[in-house]
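Here the sequence shown stands for residues 1 to 183, where the numbers follow my numbering.
All C-beta atoms in this analysis are idealised placements derived from N, C-alpha and C, irrespective of residue type, glycine included.
Predicted model only: the values in this text are computed from it and were never measured.
Accompanying notes for the structure given below.
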Amino acid sequence: MQKDVLPIVIKGVMPTANGCAIFLGNDDKTFVIYVDHFVGNALQVTLEGVKRDRPLTHDLIGHILTGLGAKLARVIINDVSEGTFFARLLLVMENELGKKIVEIDARPSDATVLAIQQQLPLLVTRKVFDSVEDMTEVLERVRAQQAAAAAASEDSDDDADSTDTDDDDEGDDADDNDEPGKS
Numbered sequence: 001m002q003k004d005v006l007p008i009v010i011k012g013v014m015p016t017a018n019g020c021a022i023f024l025g026n027d028d029k030t031f032v033i034y035v036d037h038f039v040g041n042a043l044q045v046t047l048e049g050v051k052r053d054r055p056l057t058h059d060l061i062g063h064i065l066t067g068l069g070a071k072l073a074r075v076i077i078n079d080v081s082e083g084t085f086f087a088r089l090l091l092v093m094e095n096e097l098g099k100k101i102v103e104i105d106a107r108p109s110d111a112t113v114l115a116i117q118q119q120l121p122l123l124v125t126r127k128v129f130d131s132v133e134d135m136t137e138v139l140e141r142v143r144a145q146q147a148a149a150a151a152a153s154e155d156s157d158d159d160a161d162s163t164d165t166d167d168d169d170e171g172d173d174a175d176d177n178d179e180p181g182k183s
């Protein structure tokens, strides 16, 4: 692998007020790309391996590539300018006429979904990786808040369960009431 690119993974996909935050990175650093709800949902569904009845846009692109005998070879987040990220897809097609390699621009969000679908590693250029802010602590803080909220929710569910009383064992006459809708 070239020294000018680094492998990264998806560390989290979290909803925001205006879309979703995709946390990407490696052991050294985490950075965020913000996407719309549609792409965030498509990415989450793809990560979870959910099968859909009808193909979404990203599924369609994968089917087109397969149908044409083309293969997605690499996905590289290659630039960032004023908070907007850019990516390149490297497509390879080989047949009886020869081999053709095509490199095309893509939104990193779409490229990420395609990489997950095609089981390819995500790559980022060293230049981009070095220029982005490390969001590792933010991701850890958000995860801690989510865990605390989930625990509090479970505790409140447990409290509600413990305050429920089952008077049936104490012989109340509620079950003897024949009026519908009343107990």
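What do you get for I104, buried or exposed, if any count of 16 or more other CB atoms within 10 angstroms of its CB means buried?
Flag for I104 reads exposed.
Local conformation of G181 per DSSP, three classes
Only weak support is given to the placement of G181: the predicted model assigns it a pLDDT of 47, under 50, and the question is left unresolved by the model.
With a floor of 3 residues, list each beta strand (DSSP E) that falls wholly inside the region 44-132, ordered by position along the chain.
Taking only runs of at least 3 residues, the beta strand (DSSP E) segments lying wholly in the region 44-132 are 70-81, 84-95, 98-106 and 122-125.
Can you say whether I76 is buried or exposed, counting buried as having 16 or more other CB atoms within 10 angstroms of its CB?
Classification for I76: buried.
For my contact list, H58 and A42 are in at a C-beta cut-off of 8 Å; report their separation, rounded to the angstrom.
Right, the Cβ-Cβ distance comes to about 5 Å (below 8 Å), so this counts as a contact.
So is T30 buried or exposed if we call it buried at 16+ other beta carbons inside 10 Å?
With a 10 Å radius around the Cβ and a threshold of 16 neighbouring Cβ atoms, T30 comes out buried.
Pick from F129, R141, I61 and L68 that is closest to D110, judged by C-alpha positions:
It is I61 whose Cα lies nearest to the Cα of D110.
Nearest to F38 by CA position, among I101, A149 and I22, is which residue?
Nearest option by C-alpha distance: I22.
So which of D27, E82, A73 and K51 has the shortest CA-CA distance to L91?
Closest option to L91, judged by alpha-carbon separation, among D27, E82, A73 and K51: A73.
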